[in-house]
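Residue numbers (our numbering): 2 to 484.
Ideal Cβ positions, reconstructed from N, Cα and C, are used throughout, including at glycine.
Working notes, beginning with the structure itself.
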RNA sequence: GCUCCCAUCGUCUAGCCCGGUCUAGGACAUCGCCUUUUCACGGCGGUAACAGGGGUUCGAAUCCCCUUGGGAGUACCA
């Protein structure tokens, strides 16, 4: 049977960074093994689930380059529907079956009774597991009669009294001692089934072969194992991936900074970079590569290289990863991204050749796409001088005023809006041969004259990108420092 | 409380399953140097870790136990 994996978010908010990581692992695994990646919406919590969040989450997933093969918007008739809210009848059907086989029973306990029992258990230092013996469940006929009479009761699963073993792909052999959980509710008294139950019914019916999810579900799994058993279903492989935590080693939350994927999207992070970074948080590349994209992972991604311990979500390395992806990105795509940025008008109105050349030098030194316009402003368009100590020093050399005067006279004579590299070379030659300036005096002097700064990219590349009008303004200030 | 899980540089991790090749490797960050007559990029190098204690063994980061620390679950949430 072919591999089928799923990502099953609850539409109760934006796509979380942790959710994105789990989705990514599932996606990567499906791609690596030629399986199917399914998106299932777990919206049984009517109170918190909102349809708009479903759309938002899918959007974020797609932005990350994670596309599902099946889902509410891409149904496979054999498995649809994909929203748990639309599968109520299915859950009820199996609950009915469980009830008839005496594997589940109706519980008419009140909240108060349940609460009292829980407190008692806690007092006795026991797990507050529901003890069926505490209150004899009604007989089947009795229960049916009560239900028919309109009494509200929850359906409880009769938890077998024995230990369970899970061979997890990440955690290894996990033993759940007997009595770890008591009889648990699978259908609430309001008629809505509960997560741990729906999940199993769906995974069974959707032929899910591998469940890759967060470690927070590890304890739940014993309940699910019980249901698989009761339903006579084949148990899938499980991989419980460690959780992401904050720098204080606490559960990742808003106060740890940006935890929603859409924030990174707004900040123009590269989706491939985010995926790359997220992959590394808990999984390692067999050859210890740390820069790659999904395509590179196609042949190497597996379930064997997960780390069992939680990872601190720390953005510092993400910056670097993003920068690396910018460097290897082709100029055309990058130009497209920069063009989408608001403002930035100068860049947008330049020729393709200009933009290409500008991107060539700028992409080498930025970590974020959004830094590119800033670099254009600072490196190319800045008219005022950056009066550093170094620049003051350069201006104090006796050769510098001569350079400034000469360059100024040449620049004034330029009719076009840009200086060519050949023109610049010509000036350098004149300064060197006719005026006897050379070495540091020459290069730094020319740089100061043209850029008003003491540092920056290679002049031969930078100057042809700088508008003559800007250079003229710098020169004016250099000649009249006070003004 | 109880149950489950986890524990290698500041961070992400390799190594652990199948003990010796580990005076523990890589990456980010940090520091220094080199290169590019500047900056950045790049290159080179430094600082920096097997949580603690017991065992098993000729030998343990690797196997076992305990302690400590952290995480998760303990719901008619997902």
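query: Cut-off 6 Å between Cβ atoms - residues of its own chain near residue 22, not counting five sequence neighbours on either side; result: 279
query: Coil, strand or helix - residue 108 by DSSP; result: strand
query: Minimum C-alpha distance to residue 323 - residue among 276, 2 and 356; result: 276
query: Start-end ranges of the alpha helix (DSSP H) lying completely within the segment 321-381, minimum 4 residues; result: 332-341, 346-350, 353-363 and 372-376
query: Close beta carbons around residue 476, own chain, < 6 Å, minus the five adjacent residues each side; result: 409
query: Nearest candidate by alpha-carbon position, reference residue 325, set 345, 312, 293 and 308; result: 293
query: Neighbourhood of residue 193 by C-beta distance below 8 Å, restricted to the same chain and skipping five residues each side; result: 45, 47 and 89
query: Which residues DSSP lists as bridging residue 166, in chain order; result: 176
query: Distance CB(residue 147)-CB(residue 107) smaller than 9 Å; result: yes
query: Exposed unless 16 or more other CB atoms sit within 10 angstroms - verdict on residue 273; result: buried
query: Residue 156, DSSP secondary structure in three states; result: strand
query: Own chain residues within Cβ distance below 6 Å of residue 397, not counting five before or after; result: none
query: Straight-line Cα distance separating residue 451 from residue 472; result: 6 Å
query: Residue from 212, 254 and 71 whose Cα sits closest to the Cα of residue 238; result: 212
query: Nearest neighbour of residue 303, chosen from 315, 42, 242 and 269 [CA to CA]; result: 242
query: Residue 112 to residue 149 span [Cα, whole Å]; result: 21 Å
query: Cβ neighbours of residue 224 in the same chain (closer than 7 Å, five flanking residues each side left out); result: 182, 185 and 197
query: Three-way DSSP call (helix, strand, coil) for residue 17 in this model; result: strand
query: Residue 18 beta carbon less than 9 Å from that of residue 206; result: no
query: Stretch-stretch touch, CB-based, cutoff 8 Å, three pairs: the segment 49-64 with the segment 5-17; result: yes
query: Cβ separation of residue 7 and residue 209, assumed to be a contact under 8 Å, to the nearest whole Å; result: 6 Å
query: C-alpha gap between residue 456 and residue 348, whole angstroms; result: 22 Å
query: Among 369, 460 and 286, the one whose alpha carbon lies nearest that of residue 321; result: 369
query: DSSP-derived helix/strand/coil call for residue 79; result: coil
query: Buried versus exposed, by CB contacts within 10 Å (16 or more), residue 313; result: exposed
query: For residue 279, the first and last residue of its enclosing alpha helix (DSSP H); result: 272-281
query: Identified DSSP bridge partners for residue 144; result: DSSP lists no partner for residue 144.
query: Contact check, residue 24 vs residue 67, beta carbons under 9 Å; result: yes
query: Residue 178, buried or exposed, once every other Cβ within 10 Å from all chains shown has been counted against 16; result: exposed
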